[in-house]
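Asks: The following block contains the structure, expressed as structure tokens.
Residue numbers (the working numbering): 1243 to 1389.
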């Protein structure tokens, strides 16, 4: 337990006290960003699951942090949550500087964790169309063996 960090049981107690889901979801999104760098295994996925249950657009108000949280979720073997976050991000933040990076990450998760190489191939084809000057989608298709 690190100084200044709210433990899981403290968050659960806080959640029971707050009756407005949108306020709670906003607070949980801030905690998720903090916990992405400090939490023990299992804590961040639990928190993101709670937030998504409250608000489908969980973390979309903090677009600069979505990719970091999604990567941590994938490392924590919760690619299901990472997929949901990345999909929401791609739909809502098309002009964000990390849009391509999020698309590439989603394709990796689809191909390597979700057993969906077709979905990954289609997504990378879309990314190649959106970013025709960038070689990364084509390179990732080759890396993942999706030709």
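C-beta: ideal position from N, C-alpha, C; glycine also.
Sorted by chain position, which residues of the same chain lie with C-beta nearer than 6 Å to residue 1310's C-beta, five sequence neighbours on each side aside?
Replies: The answer, listed in chain order, is 1278.
Asks: Does the Cβ of residue 1287 have 16 or more other Cβ atoms within 10 Å, making it buried, or fewer, making it exposed?
Replies: With 16 or more Cβ atoms within 10 Å of its Cβ, residue 1287 is classed as buried.
Asks: Among the residues of its own chain, which have a CB less than 6 Å from the CB of residue 1308, if the five just before and after it don't count?
Replies: The residues are 1301, 1327 and 1331.
Asks: Determine whether the beta carbon atoms of residue 1296 and residue 1272 lie at a separation below 9 Å.
Replies: No. Outside cutoff.
Asks: Would you mind sorting residue 1244 into buried or exposed? The rule is 16 or more other CB atoms within 10 Å of its CB.
Replies: Reliability of the predicted coordinates at residue 1244 is poor, the pLDDT of 44 falling under 50, and no value is obtained from them.
Asks: Could you check where the alpha helix (DSSP H) with residue 1267 kicks off and where it finishes?
Replies: Counting along the chain, the alpha helix (DSSP H) containing residue 1267 begins and ends at 1263-1280.
Asks: Once you ignore the five residues that flank residue 1294 on each side, which residues in its own chain have a CB closer than 6 Å to its CB?
Replies: Answer for residue 1294: 1300, listed in chain order.
Asks: Taking residue 1344 and residue 1366 to be in contact with their CB atoms under 8 Å, please state how far apart those CB atoms are, rounded to whole angstroms.
Replies: Not quite, the Cβ-Cβ distance comes to about 13 Å (not below 8 Å), so this is no contact.
Asks: Looking at the unbroken alpha helix (DSSP H) that takes in residue 1338, where does it start and where does it end?
Replies: Note, residue 1338: premise wrong, no alpha helix (DSSP H); not H, not E.
Asks: Classify residue 1314 as buried or exposed, calling it buried when 16 or more other Cβ atoms lie within 10 Å of its own Cβ.
Replies: Result: buried.
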